[in-house]
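I have placed the structure first, in the form of structure tokens, so that the comments after it can refer back to it.
In this note's numbering, the protein residues as written are 61 to 201.
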């Protein structure tokens with residue numbers, strides 16, 4: 061009887077510890093995402109830098125980030141940069157090279173290649189289609 065109670069208590073303690081560890085991992089990954097979202101325009105932003113911000117080794121951070129988000133650090137960083145690029149292409153007349161620089165890309169050609177790989181369009185094509193959609197929307201209103 062006592063042995064069963066001790067076993068149940070021990071199992072409950074282990075479950076609690078595991079849930080606390082999962083909550084802590086989630087909080088750390090959220091902290092990392094916030095850091096990335098605030099610093100993605102820095103072309104030198106790296107996995108090592110973000111890992112240091114959350115006091116993880118780069119390898120451990122990479123593994124935990126992938127487990128928690130279902131994607132890699134590089135994928136998340138690229139997604140944040142391209143989301144901002146789409147906003148700038150829709151709402152400004154900045155040259156594509158300037159959009160690239162503001163989104164953390166030092167090489168406008170590399171930016172265009174990554175943009176096309178992820179969206180199926182060049183930045184110029186995306187901007188043109190966005191303007192057409194805006195014009196059609198304002199004409200319909």
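Note that CB positions come from ideal geometry on N, CA and C, so glycine has one too.
{"Asked": "DSSP state of residue 196 mapped onto helix, strand, coil", "Found": "helix"}
{"Asked": "Length of the line joining the Cα atoms of residue 158 and residue 192", "Found": "22 Å"}
{"Asked": "Own chain partners of residue 172 with C-beta closer than 8 Å, once the 5 adjacent residues on each side are dropped", "Found": "156, 160, 182, 183"}
{"Asked": "Reduced DSSP category for residue 139 - H, G, I as helix; E, B as strand; rest coil", "Found": "helix"}
{"Asked": "Own chain, CB closer than 6 Å to residue 187, minus 5 neighbours either side, in chain order", "Found": "149"}
{"Asked": "Spatially closest choice to residue 179 from 143, 194, 196, 167, by CA coordinates", "Found": "143"}
{"Asked": "Distance CB(residue 133)-CB(residue 114) smaller than 9 Å", "Found": "no"}
{"Asked": "Proximity of residue 164 and residue 121 at Cβ, strictly below 9 Å", "Found": "no"}
{"Asked": "Per-residue DSSP class, three states only, for residue 95", "Found": "helix"}
{"Asked": "Whole-angstrom C-beta distance between residue 97 and residue 140, which should lie under 8 Å", "Found": "6 Å"}
{"Asked": "Where residue 146 falls, given that 16 or more other Cβ within 10 Å makes a residue buried", "Found": "buried"}
{"Asked": "Nearest to residue 91 (by Cα), restricted to the options 125, 130, 176, 151", "Found": "125"}
{"Asked": "Cα-Cα separation between residue 95 and residue 105, rounded to whole angstroms", "Found": "10 Å"}
{"Asked": "Burial state of residue 69 (16 or more Cβ within 10 Å)", "Found": "exposed"}
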